[in-house]
Every structure is written in C-alpha cells, then in structure tokens.
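K.L.:
Residue numbers (this note's numbering), protein chains in the order written: chain A, 1 to 114; chain B, 115 to 225.
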C-alpha cells in the first residue's frame, strides 16, 4: 500500500495561533487526499476531501475558512488550523486513496491548543 | 440513525478465545466494506476488505450480508497482540472513495 507521512506528529500551541500540518504521499501520486479528525474515544470523522490543483470539498459543519487545505502537488497536502482554540485539540489524520477504494493513513498529528 | 453502527464493546477475552464483532450499515448502495484496526493513539490500519462471498485471512474471517446490511468479523485463537479497537468502515453514499467509520469496538485479550 501507499506510504503516507505527516508532520508534525504532535504540536502544542497557544490559543489564537495557526498550525500547519503536512501530509505527504511518499510512493504514490495522490490526486485525492482526505483529512479526518478524531476526538478521544470517538471514531474518525471526515473533515474534507483534498483535490490536487483545485479547491477542497468540506463536510457539513466544517468551516473552510478555519481549516485551510492546500493540495498543490500530487504528493503534498497541507491543513492549516487558523486561530486555533482548545476545542480544536484533536488527532488529525490524513489518508491517501489507493487504486481501489482502500485508503492508507498517515500516522496522525496530535494537536493540543492551550 | 448512524450510517455505520457497531457493537459498543468493550470485549475482554482470554487468549485463545474466539470473538465476533458485528456491524450494520444504513446505505444499501454501499459497495466497499472494510475492517480497520486502530491501536491506542495510532492511525487506523487496514485489516481486511470484506467481500460478498466472505473472506478469510489466517485467524480472521469477514462476512457480508447485503440483504441485512450486516458485516461481521470473527477472530479465532485470539492473541494478546490482537488487543486494539476494530473499526467497521463503509464507502459513503454516492462516493466510492469517501469512507464512513463506525465508532469502533475495543478488544482486550487477557493473558
């Protein structure tokens, strides 16, 4: 399967700051990447679908101006949490779609907003 | 009704036990079905896809019943290393590539 990396693996920031998370597909050219969020003891919730060279598609209830997604190349998508607040603290995970419906996940980024 | 519903768990079983997880999905048009495994504070990893005819991978057997919109996972001869949360995953309504995750069932295999 595809190898996916994320950076950073964890980040702690102050309320009001912005945080950028990178998702890289290391061995697969990904026209589509997905961004998920997982709160403690809950399942993954899809936030947005990132499309290379075009605008991301956001799920209902996810603010596009708060969670900025850029997918400028076939191997890199970034998620920027703008003006982060404590309620944004979560585990953010990206995934890459394989040749079938399978998805391969990055190791995740744990965000803590103080 | 949630799109994907799973046994709430947790399941605590002794080593060597057989354990079964159940899952139901609401979208009859769903085409792709998976079981993922997630360890604590880690990303989900694909355990196996689920096919209409049922499929087996070593100690793991997955079954799909499209008429009942029901998916199952059977783990035989459970090992300590099987302890994890098992996620039932279905492709979303109208989209072959977007997945919907169940809330997961936590399994702890005890020595």
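Using N, Cα and C, we set each Cβ at its ideal position, and we do this for glycine too.
1. Which residues does DSSP pair with residue 215/B in a beta bridge?
2. With residue 90/A as the anchor, note down where its beta strand (DSSP E) starts and where it stops.
3. Provide the residue span of the beta strand (DSSP E) that contains residue 71/A, from first to last.
4. Just reading off the beta strand (DSSP E) that residue 155/B is part of, what are its end residues?
5. May I ask which residues mark the beginning and end of the beta strand (DSSP E) holding residue 128/B?
6. Bridge partners of residue 183/B, per DSSP?
7. Could you pull out every residue in the same chain whose Cβ sits closer than 6 Å to the Cβ of residue 172/B, ignoring the five residues on either side in sequence?
8. Assuming the contact rule is C-beta atoms closer than 8 Å, residue 78/A and residue 12/A should be a hit. Round their C-beta distance to whole Å, please.
9. Would you mind stating whether residue 160/B and residue 189/B have Cβ atoms separated by less than 9 Å?
10. On the three-pair Cβ rule with 8 Å, is the stretch 118-137 of chain B touching the stretch 173-193 of chain B?
11. Mind checking which residues open and close the beta strand (DSSP E) that includes residue 7/A?
12. Against residue 201/B, what residues of chain A qualify as contacts under a CB-to-CB distance less than 8 Å, listed in chain order?
13. Using C-beta distances below 6 Å, list every residue in its chain close to residue 35/A, excluding the 5 sequence neighbours before and after it, in chain order.
14. Could you compute how far the alpha carbon of residue 214/B sits from the alpha carbon of residue 146/B?
15. Any beta carbon of chain B sitting closer than 9 Å to that of residue 58/A?
16. Please look up how many angstroms separate the CB atoms of residue 125/B and residue 187/B, rounded, as I've assumed it's under 8 Å.
17. Less than 9 Å between CB atoms is the rule here; does residue 161/B satisfy it with respect to chain A?
18. What three-state label does DSSP hand residue 196/B in the structure shown?
19. What is the DSSP secondary structure of residue 63/A, reduced to helix, strand or coil?
20. Check whether chain A comes within 9 Å of residue 205/B, counting only Cβ atoms and requiring the distance to be less than that.
21. Mapping the DSSP letters down to three states, classify residue 119/B as helix, strand or coil.
22. Could you name the residues of chain A that residue 215/B contacts, counting a contact when the two beta carbons are closer than 7 Å?
23. If you check the beta carbons only, do residue 28/A and residue 104/A fall under 9 Å apart?
P.N.:
If we stick to the structure as given:
1. Bridge partners of residue 215/B: 203/B.
2. Note, residue 90/A: beta strand (DSSP E), 90-97.
3. Run containing residue 71/A: 67-73, per the beta strand (DSSP E) assignment.
4. That residue, residue 155/B, is in no beta strand (DSSP E); it is neither H nor E in DSSP.
5. Under the DSSP assignment, residue 128/B falls in the beta strand (DSSP E) whose first and last residues are 125-128.
6. Answer is none; residue 183/B lacks a bridge partner.
7. None.
8. Rounded, the Cβ-Cβ distance is 19 Å, inconsistent with contact.
9. Result no, Cβ atoms of residue 160/B and residue 189/B do not sit closer than 9 Å.
10. The answer is yes - the stretch 173-193 of chain B touches the stretch 118-137 of chain B, with three or more Cβ pairs under 8 Å.
11. Judged by DSSP secondary structure, residue 7/A falls within the beta strand (DSSP E) whose first and last residues are 4-7.
12. Ordered by position in chain A, the residues that pass the 8 Å Cβ test against residue 201/B are 43 and 44.
13. Contacts found: 47, 48, 79 and 94.
14. The C-alpha of residue 146/B is placed about 10 Å away from the C-alpha of residue 214/B.
15. Cβ-Cβ to chain B under 9 Å: no for residue 58/A.
16. Taking the Cβ atoms as the reference, residue 125/B lies roughly 11 Å from residue 187/B, outside the contact range of under 8 Å.
17. No, no contact with chain A.
18. In this structure, residue 196/B counts as helix in the three-state DSSP scheme.
19. Residue state, collapsed to three classes: coil.
20. Output row for residue 205/B: interface = yes.
21. DSSP places residue 119/B in strand when its eight states are reduced to three.
22. Within 7 Å Cβ-Cβ: 43 and 44.
23. Taking 9 Å as the cut-off, the Cβ atoms of residue 28/A and residue 104/A count as close.
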